[in-house]
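Chains as they are written, first to last, in UniProt numbering: chain A, 1 to 491; chain B, 1 to 934.
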Amino acid sequence: MSLRALWIISHEKGEHASIRFSRRFATVELRAKRLSGSSYVAVPEDDCFLQLLLTELGLSGSKQAFVAQRDDCLYRPRSPALELHITAPVKGTLWPVLAISQAHLTLACLPLVDASPGQRPPLSSLLSESQGLSFLAGLQTFLLAPGSKQDGEGLVSRLALLPSVLLQVCPLGTPLELPLTGTLAMPSPITSAGIQKQPAWRTGLYRGRAVVNVSVVETVRSMQYGNRSRQDLWDVYGTVACKCEVEGVLPNVTVTLSLPPNGSPLQDILVHPCVTSLDSSVLTASSVEHWDGSAFSGPYKFPFSPPLEPFILCSYTSQVPVPPILGSYQLKEEESQLHVSVVLKLHESVKNSFEYCDAHLPFYNRDQMGVVEVKVSSGQLDVSKEKNLLVWALGQKFPKTREVTMEGKILFSGPEPGPSEPLCTGLTAYIKLYFKVPDTTLSGCSVDQHSVQVYSSAKPRIVTSRELHSKDYWIWNSTGTAPVSSGQMIV
Amino acid sequence: MASGLVEKVSAFCRSPSRFLFGTSSEVFLAELLRELRDDRANYTVKVLLLSPLCEYPALLCPSDSVGEETALELMSIFTQSPPKFVQFRSQLLVALTCVLTCSSDVSGRLRAFPDFLDLLLQLAQDTSDLHGDAAPRSLRATACDCLREMEALYPGLLSQRLELLGGLRHQETSRLHQAYAGLQALVLRNAVYQLTQEKEAGAARLRALLGGNESVECEADQNAGPASGKDSAPLSSVILGPMGTVPTLHTGPDCKELRSALSSLLEESYLFTPLSQAALLYRLTEVVAMVPAIPPTIFRAQLLRLLGTSEVTLLHTTLLMKSAFTDSLFSSEDEAFLFKRLVVLSQHPLLSTPEKLFYMDCILHFPENRPISCGDSDEALPVLLTPRLASALLPVVFNDSATLLSRFNLLSLVYLEAGEEEDGRGLEYLYEHLTSLLRIVESGGRRENVVTFFRAAFLFLFHFHHVERYCDNLSQQLCQLYLQHTRFAPHLINLADRTQEKLPDSSWALGLLKALQRVISETPISQTTLPDLRWHLKVLTRAAEEGEISQHGTLRFLSGIIPPSSSSLSSSGDWRLGNGILGVCRRLLVHPSLESMFIPLADILQHVAGHYGDTDIRDHARLYYTLLTTLSREKLATVLAHHAEGGQQVKKRTLSCLMTEGEGLTSILTIHETEVAIIRLIEADCEQLEAEDLVQDEAERGEPVLETYRAQFSSAAFASQVTLKFLLTHTETRDARFDQLFSIRLHFSLTDDHYSELQDLSVPCLFRERPPPVVTLTLKPREPYPSSLHVSAIFTTQDGLTWHTTLPDIRVCFQQIFLPLPAPPSWGRAGRQAVFAGLWEEMSSETGECASSLFCCQLEEKALSALVEKHFLPFLVSDPSHKDEFRALLFLPPQSHVLLKISSEEDAVHFRLATDNWELLPHINDYLLKITAS
């Protein structure tokens, strides 16, 4: 449950890599040494570690096509726990090095393996593994928190705070809590709170009028092929975010999610650790087995004691019968030009009031677009500056028919070749939809203002909201071969 | 001072070894301590100065005594530091913990240890900070963490303080109670473990530890206990060992105290941060596992909350509980539910990729209530993972490569288990997926896509190598891919190597290599580019390693590429390409079917030996040819054997393997630079140019001599060169490595443009003890002026290394360019005198470039004769016996003349000069000054 060392590395796709911060925990290292006896492998110095890590992550020597150590086809699980092969001063294997990356920042740590020496225990039997992952993720959030520009001074100033943050959250290599991400990196003073014990994750006391903010955000993903042999796919998942400003050491709040009659049940529910108790029926529905129609379908009650900062109370997935927008995309190669035909239909159950709705039609492995003779029945069409992308802004509303079309020809006669993409060769092409619909959810899930209960003396102000947006919403050209992406093949 | 020290600290932490290279640890430690003691120093800086002591205590305090002194020093700094600098004091406690535990060797503990322990316990009980300045960081929490770390290092250290710790936790209502709880749980677990190791320990001892009504026996224990120096090693997890090895403490049903301590910790666990909560639950799991009297159902109340959690570490703890207690805590429904939950989590859209991969690993190592397989080392598929459930985890091309491979592996295991061999749709899906990855690679995927595809291909082969239908097709597809992108040759060779290594019974790799050999040998050579050819040769080399593969195709291919007529490839004399060809030949020489390909192979080698554009390659081909034609098969195999041993480590260079294969040759292929000059060129003692015995005068010539003389220059090469001789010797620097040098190649470079570029010169060898070789340098002047030349050399030493060195510059003196009159050999003295006279007349007119001059000096007659004898004899035109006037003609290539009439006058010796290149006058003047002065 302890870490031997911690590193924070910045790089640009493997180039210009440098260790921005590193920390070794001497006492944990001593434990590692005594626990593993003769098989002990010491943590190498920073430069050496950096090189080994980059090689293992496949980031080093980007100019060389094949590097045996990096590109060997032999499969071994590499992520999230890596093996580093040290050659000097003594040969040995450093395991398990956990590494997580986001953008240009890679965080790594080496958890202590508290097993008797000899056989390597499976990763899943080491609690330090998940602790390390949680801790790294927390540090990552802290370092890249909104408000800190990714590459700029934000990171530098947060790195400068790190020594004092570590003294707080992980003084001797055993992570105790995650750094706070708010603008105030330091928790408020320790205060005695009477008889009631204060939760360790509640960093202070709120004084003022009670305000509870609950918002349900649903995301819909889809893969549409327009092809009989291939089943279209879509899924929906939602998160319930809360911000609770409530007085008291351990205040009680209950949020209830409800579905419309005949709504399909919420599945795969995950809850925040501040939820005090759960009814077992809440957890029964799962996306990996078939729903027999008798499952519990709400209302879903979540009693909890909120932390001060905003948090995700719970998340769920849902199986909705139809995708919100059904698309058809057809391309035909006609001599040097491409004939484009697109139809998008908005399902009648979806509220026809968008914050935005854009369709992007990128074209790869071709020259830039020259002549674009394309008509749309609604909305506005733009050619991107790079001349390889059509942007179709559908605006706030679909027409009354709930159907829009695009028809026309594109001549790829531009002076320069456009971008290449190995996935989209020949007639393999797609439309990607970006949309956001306020005040609606596909699953029908909602939080009624009156169902939010706060056990406090004063009457709280309660704000609830809902929204739906798209992510990875692809419509593939039905005349080309779409890449296999079925995640739900029926066996 | 402080800022300098801060920089030093960061340099130290970056690389202690490099830092200590320049200074010693004592100096650095003394510097740190001095600054830490300084009251005026900034406390924020002081916090930074502690980091070397926290991170590398053993380096800075390499011995007990230094550790002891440093610890005492830090303790005194602690007592003197104002309480308001909480952060500094906290960091100081951390540093003290590190110094006290890490600087002593394993055997003993420092004398300051008990004092520090007392200090920590005292701080842990000091609740005054609540009413004081309400600092953000409580010293108490740090003290607790230090105590926890010390307890982890020395299990049992605090077991006598359990009651105290329990009390502290109980009283604490601020969020610090978490720190006490973590400490208490660890101490409890260690105490219970120690009891399990003692004979006759039971409920009473346990109660004594928890309840505090310590018996005398316990008191005695405390004094002799761990705190006083007897050491115990840190404990590994007790529930991690093989099944059934958990140590147990038999207490009988009566252990109320323990039960109530556990319940109270569990009740409050909700109040802890997920990280601390997971650690606490894990420690309690260990305790319950060791004490059979406590039923695991004590955790039941927490389970539902834990199963629904979004926190990876909390769910993980639940799994570990499952692993420890199996069906005594989890019914089969619970188990199925937990397993489904894992499947859901390993593909949940809201979790991060590392978390999902972690859950995937948990699926493969799921602790089943009734495991069927007992192999606990390898990944065994849980029975609960049906193909239907697993279909949620099918790999898709949009997955990142780690996820993709992990899913591919998992699904392969599932379908293998389900016995899908012939017409399973799952297997079909996997193969289809592999094909779509191949398409991406084919249409120019990035390096990551390529590596991922080959890894997936390996996985597929590893699991389904027996399903011929797919594997044969894969071979074909790979050949297609190779023809389109020959640069994947190393990947394909690697794939063949790995499958052969991991699947010794499968012939797939052999089939692939055979197929590759076939497609290569069928490719028209006219369509092959040079890079293609290099990759082809690599693949063929690998295929030639297989005794079972017939090599006739390879031979056909080789014979196709070597005739210079067929392509310009091999006639180009590319050394690397030549080595590629030889590499294949070398493997063929040890191939079991050598007999049947003796003649074609000999032909190829002979052809290369005779016609290849690179000498080195020709030499090696000749060697192979000789080996092939003269040695018996057995001897040949022995000579060339070391590669067959499979050791890629073999770096020995034998005569028969001088080339190729990369890395081992780096130092040989690198040219090393000498530090000082090793060799030099010194002027050879000029054998005097003999005055030629001239043909006695023939009759007066009819034709005008000057014209005849000048006509000779119509040929550009006529008399245009000067030959200089040098001795190549060692310098005074003695270095045994360079006593014997071979293949010395001298390179000369000009410092001005008076001469034409010079050719490199080769000297076969230079031995210190042998006479120095003579180096003849031929200069072709453009203008006959003195100059100097830069000289460098490349040579080989006895150990086979190649060196580059710079020699001292050599000077080309003015007189070294003098040549005698290049008159036709048939001419006698009269003809020469006629030329002299003719030229003198022309030059005296001083038109154009011509000039005349007079140089005078004092010389005895005898001295003059000697001087002429010494310096001008080869150039004399007049009869040397005519002592009243010497006439000398100096010819300076390409076409300059200096004419001298030397005579003794009354007052002095006169050198009358005439030249057709007035710019030579200063040089002549210098020269005359020099020779007359000596």
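We put the CB at the ideal spot given by N, CA and C, even for glycine.
Sequence-distant Cβ neighbours of GLU783 of chain B in its own chain, meaning closer than 7 Å and more than five residues away, are HIS754. When the beta-carbon positions are compared, LEU165 of chain B and TYR180 of chain B come within less than 9 Å of each other.
Considering only beta carbons, the part of the segment 171-183 of chain A lying closer than 8 Å to chain B consists of PRO171, LEU172, GLY173, THR174, PRO175, LEU176, GLU177, LEU178, in chain order.
Non-local C-beta neighbours of ASP614 of chain B in its own chain, meaning closer than 8 Å and more than five positions away in sequence, comprise GLY573, ASP574, TRP575, GLY578, ordered along the chain. In the same chain as GLU257 of chain B, and ignoring 5 residues on each side of it, the C-beta atoms closer than 8 Å to its own belong to LEU206, ARG207, LEU210, GLY211, in chain order. A contact is defined here as three or more CB-CB pairs under 8 Å, and the segment 705-721 of chain B fails this definition with respect to the segment 762-770 of chain B. Look at the beta carbons and you see the segment 166-174 of chain A touching the segment 138-147 of chain B: at least three pairs across the two are nearer than 8 Å. Distance from the Cα of ALA609 of chain B is smallest, within the candidate group B:GLN178, B:SER853, B:ARG618, B:VAL192, for B:ARG618. Of B:LEU188, B:HIS466, B:TRP840, B:SER391, the smallest CA-CA separation from ALA914 of chain B is found for B:TRP840. For VAL47 of chain B, the chain A residues whose Cβ falls inside 9 Å of its Cβ are PRO163, SER164, LEU167, in order along the chain. Beta-bridge partners assigned by DSSP to MET290 of chain B: none are found. Contact check for GLY92 of chain A against PRO111 of chain A fails: the beta carbons are separated by 9 Å or more. Taking 9 Å as the cut-off, the Cβ atoms of SER412 of chain B and LEU459 of chain B count as close. Secondary structure note for CYS274 of chain A: it is in no alpha helix (DSSP H), with a DSSP letter that is neither H nor E. Contact of ARG498 of chain B with chain A by beta-carbon distance below 8 Å involves ASP72, CYS73, LEU74.
Counting C-beta atoms within 10 angstroms of its own C-beta, ALA68 of chain A has fewer than 16 neighbours from the protein chains shown and is therefore classed as exposed. ILE599 of chain B has a beta carbon lying at 9 Å or more from every beta carbon in chain A.
Counting only runs of at least 3 residues, the segment 160-211 of chain B fully encloses no beta strand (DSSP E) element at all. Close to chain B, meaning a Cβ-Cβ distance shorter than 8 Å, are the following residues of the segment 314-338 of chain A: CYS314, SER315, THR317. For GLU869 of chain B, the closest of B:PHE272, B:PHE886, B:ARG111 by C-alpha to C-alpha distance is B:PHE886. Taking 9 Å as the cut-off, the beta carbon of TYR430 of chain A is found no closer than this to the beta carbon of CYS357 of chain A.
Cβ-Cβ separation between VAL391 of chain A and ASP382 of chain A: approximately 5 Å, consistent with a contact (criterion under 8 Å). For VAL94 of chain B, the uninterrupted alpha helix (DSSP H) segment begins and ends at 86-102. Taken in chain order, the members of the segment 260-275 of chain B whose beta-carbon sits within less than 8 Å of a beta-carbon on chain A are GLU268, TYR270, LEU271, PHE272, THR273, PRO274, LEU275.
Contact of ASN365 of chain A with chain B is assigned, a C-beta pair being separated by under 9 Å.
Using a C-beta cut-off of 8 Å, the segment 77-89 of chain A makes contact with the segment 350-359 of chain B, since at least three inter-stretch Cβ pairs fall below that distance. For the segment 403-435 of chain A, the beta-carbon criterion of a distance under 7 Å to any beta-carbon of chain B is satisfied by SER420, PRO422, LEU423, THR425. The beta carbons of LEU270 of chain A and CYS314 of chain A sit closer together than 9 Å. Per the Cβ contact rule, the segment 209-222 of chain A is in contact with the segment 232-239 of chain A (3 or more Cβ pairs under 8 Å). Within chain B, LEU275 have C-beta atoms less than 8 Å from the C-beta of PHE135 of chain A, given in sequence order. DSSP places LYS375 of chain A in no alpha helix (DSSP H) but in the uninterrupted beta strand (DSSP E) bounded by 371-376. For MET360 of chain B, the uninterrupted alpha helix (DSSP H) run begins and ends at 353-364, by DSSP.
Judged by DSSP secondary structure, THR254 of chain A falls outside any alpha helix (DSSP H) and instead within the beta strand (DSSP E) spanning 253-258.
For ARG542 of chain B, DSSP assigns no beta-bridge partner whatsoever.
Where PHE142 of chain A is concerned, the enclosing alpha helix (DSSP H) starts and stops at 127-143. Rounded to whole angstroms, the gap between the alpha carbons of CYS813 of chain B and TYR785 of chain B is 8 Å.
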